[in-house]
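Asker:
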Amino acid sequence: MRGDTAPPVRGRRAARGPRRRTLLSLLAIAACAGIALVSVTDPYAGATASSFYRQPAVAQHPAAVQRFSIDGGTVLVALKRDRFTTQVLGSSGAADVVMPSGPVAPASTAQAFAAGIVAQKGWAGSEFSCLVSLWNRESGWNAHAANPSGAYGIPQALPGSKMGVGGGDWQNDYRVQIRWGIGYIAGRYGSPCGAWAHSQAVGSY
């Protein structure tokens with residue numbers, strides 16, 4: 034009986050052997066293929082993969098251009114932008130640039146000349162007193178007195194260049210300045226006392 038049962042068992046085992054070897058071979062091939070694919074392909078490509086790629090646009094801002102127009106005189110302008118500081122020095126014609134030269138006449142000399150013009154106009158002595166007070170406040174009777182606003186001379190004309198309408202050296206000659214100043218006062222305020230009252234009320238005339 035042993036001889037009848039043993040051979041069938043060995044036959045089934047012999048048939049299973051080739052199947053297992055085939056299955057193991059297929060698994061080995063699949064494993065090798067997987068390793069090869071991983072080494073060729075970026076393992077993180079799936080996280081960033083997309084149907085298209087577009088580089089982010091960088092905004093381009095045109096450089097700011099600052100322009101300055103300088104009509105007269107010498108102007109010093111400080112420009113500040115972010116962390117940069119630039120100084121621009123512009124110079125143009127000397128029409129309004131005050132360049133006094135020569136000695137300044139004493140106040141008493143200028144006042145004596147003004148007193149003669151006041152008398153010629155027929156004004157009272159009180160008008161001359163008002164004129165003295167007015168121009169003491171404005172310039173101290175200094176023909177070279179200059180104000181940062183651009184006012185200049187004994188009458189503090191603004192701008193000073195308009196005193197030269199009638200000719201003469203308006204920058205240095207006290208007589209040119211006084212003639213213009215008294216004419217301005219007469220035309221606008223009627224008299225020196227009218228100009229002095231206005232100056233006391235608002236601080237200027």
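If you count the sequence shown from 1, you need to add 33 to reach the working numbering. Don't be surprised by glycine CBs; every beta carbon is placed ideally from N, CA and C.
1. Taking the alpha-carbon positions, what's the TYR222 to PHE146 distance?
2. For SER162, tell me which candidate among SER232, PRO225, ARG52 has the shortest Cα-Cα distance.
3. In chain order, what residues of the same chain lie with their CB nearer than 6 Å to the CB of GLU171, ignoring the 5 residues before and after it?
4. Would you decide whether ILE211 is buried or exposed? Buried here means 16 or more other CB atoms lie within 10 Å of its CB.
5. Measuring alpha carbon to alpha carbon, tell me which of ASN205, PRO192, ALA148, SER182 ends up nearest ILE215.
6. Suppose contacts are defined by Cβ-Cβ distances below 9 Å. Is ILE187 in contact with TRP156 by that definition?
7. For my contact list, ALA138 and TYR207 are in at a C-beta cut-off of 8 Å; report their separation, rounded to the angstrom.
8. So the candidates are PRO192, ASN205, VAL209; which of them puts its Cα closest to the Cα of GLY199?
9. The alpha helix (DSSP H) with TRP156 in it runs from where to where?
10. If you draw a straight line from the C-alpha of TRP174 to the C-alpha of ALA143, how long is it?
11. Output needed for TYR238: all residues of its chain with C-beta closer than 6 Å, excluding positions within five of it in sequence on either side, in chain order.
12. Within its chain, find whatever has a CB closer than 6 Å to the CB of ILE218; leave out the 5 residues flanking it on each side and keep chain order.
13. By a C-beta neighbour count over all protein chains shown, 10 Å radius and 16 as the cutoff for buried, is ALA234 buried or exposed?
14. How many angstroms separate the CA atom of ALA140 from the CA atom of GLN204?
15. Under the three-state reduction of DSSP, which class applies to TYR238: helix, strand or coil?
16. Under 6 Å Cβ to Cβ from GLY135, same chain only, skipping five residues before and after it: list those, please.
17. Could you check how far apart the C-beta atoms of GLY183 and LEU191 are, in whole angstroms? I think they sit under 8 Å.
18. In whole angstroms, give me the CA-to-CA distance for ALA66 and PRO51.
19. Cα separation between LEU59 and ARG53?
Answerer: So, from the listed chains and residues:
1. Within the sequence shown, the letter at position 189 stands for residue 222. Within the sequence shown, the letter at position 113 stands for residue 146. Distance between the alpha carbons of TYR222 and PHE146: 21 Å.
2. Position 129 of the sequence shown, counting from 1, holds the residue named residue 162. Minimum Cα-Cα distance from SER162 among the listed residues SER232, PRO225, ARG52 corresponds to PRO225.
3. Mapped onto the sequence shown, residue 171 falls at position 138. Non-local beta-carbon contacts of GLU171 in its own chain, meaning distances under 6 Å to residues more than five positions away in sequence, involve GLN189 in chain order.
4. For the purposes of this step, residue 211 is identified with residue 178 of the sequence shown, where counting begins at 1. Label assigned to ILE211: buried.
5. For this step, residue 215 is matched to residue 182 along the sequence shown. Looking at the Cα atoms, ALA148 is the closest of the given residues.
6. Here residue 187 corresponds to residue number 154 of the sequence shown, with the count starting at 1. Here residue 156 corresponds to residue number 123 of the sequence shown, with the count starting at 1. No, they are not a contact pair.
7. Taking the sequence shown and counting its residues from 1, the one referred to as residue 138 is at position 105. Taking the sequence shown and counting its residues from 1, the one referred to as residue 207 is at position 174. Here ALA138 really is in contact with TYR207; their C-beta atoms are around 5 Å apart, less than 8 Å.
8. For the purposes of this step, residue 199 is taken as the residue at position 166 of the sequence shown. The shortest Cα separation from GLY199 among PRO192, ASN205, VAL209 belongs to VAL209.
9. Mapped onto the sequence shown, residue 156 falls at position 123. No alpha helix (DSSP H) contains TRP156, which DSSP labels as neither H nor E.
10. As a working mapping, residue 174 is identified with position 141 in the sequence shown. As a working mapping, residue 143 is identified with position 110 in the sequence shown. When rounded, the distance between both Cα atoms is 7 Å.
11. By one-based count along the sequence shown, residue 238 stands at place 205. Excluding sequence neighbours, TYR238 sits near ALA228, HIS231, SER232.
12. Counted from its first residue, the sequence shown places residue 218 at position 185. Apart from the 5 residues on each side of it in sequence, ILE218 sits with its Cβ closer than 6 Å to the Cβ of PRO225, ALA228 in its chain, given in chain order.
13. Within the sequence shown, numbered from 1, the residue matching residue 234 stands at position 201. Of the residues assessed, ALA234 falls on the exposed side of the cut-off, its CB having fewer than 16 other CB atoms within 10 angstroms.
14. For the purposes of this step, residue 140 is taken as residue 107 along the sequence shown, with counting starting at 1. For the purposes of this step, residue 204 is taken as residue 171 along the sequence shown, with counting starting at 1. Cα-Cα distance, rounded: 16 Å.
15. The residue given as residue 238 occupies position 205 in the sequence shown. TYR238: coil per DSSP, three-state reduction.
16. To locate residue 135, count along the sequence shown from 1; it is residue 102. Once the five neighbours on either side are set aside, the close Cβ partners of GLY135 are ASN205.
17. Numbered from 1 along the sequence shown, position 150 holds the residue referred to as residue 183. Numbered from 1 along the sequence shown, position 158 holds the residue referred to as residue 191. That belief holds up - the Cβ atoms of GLY183 and LEU191 are roughly 6 Å apart, short of 8 Å.
18. As a first step, residue 66 is located in the sequence shown; it is residue number 33 there, counting from the start. As a first step, residue 51 is located in the sequence shown; it is residue number 18 there, counting from the start. For ALA66 and PRO51, the gap between their C-alpha atoms comes out near 23 Å.
19. Position 26 of the sequence shown, counted from the start, is the residue given in the question as residue 59. Position 20 of the sequence shown, counted from the start, is the residue given in the question as residue 53. C-alpha separation (whole angstroms): 10 Å.
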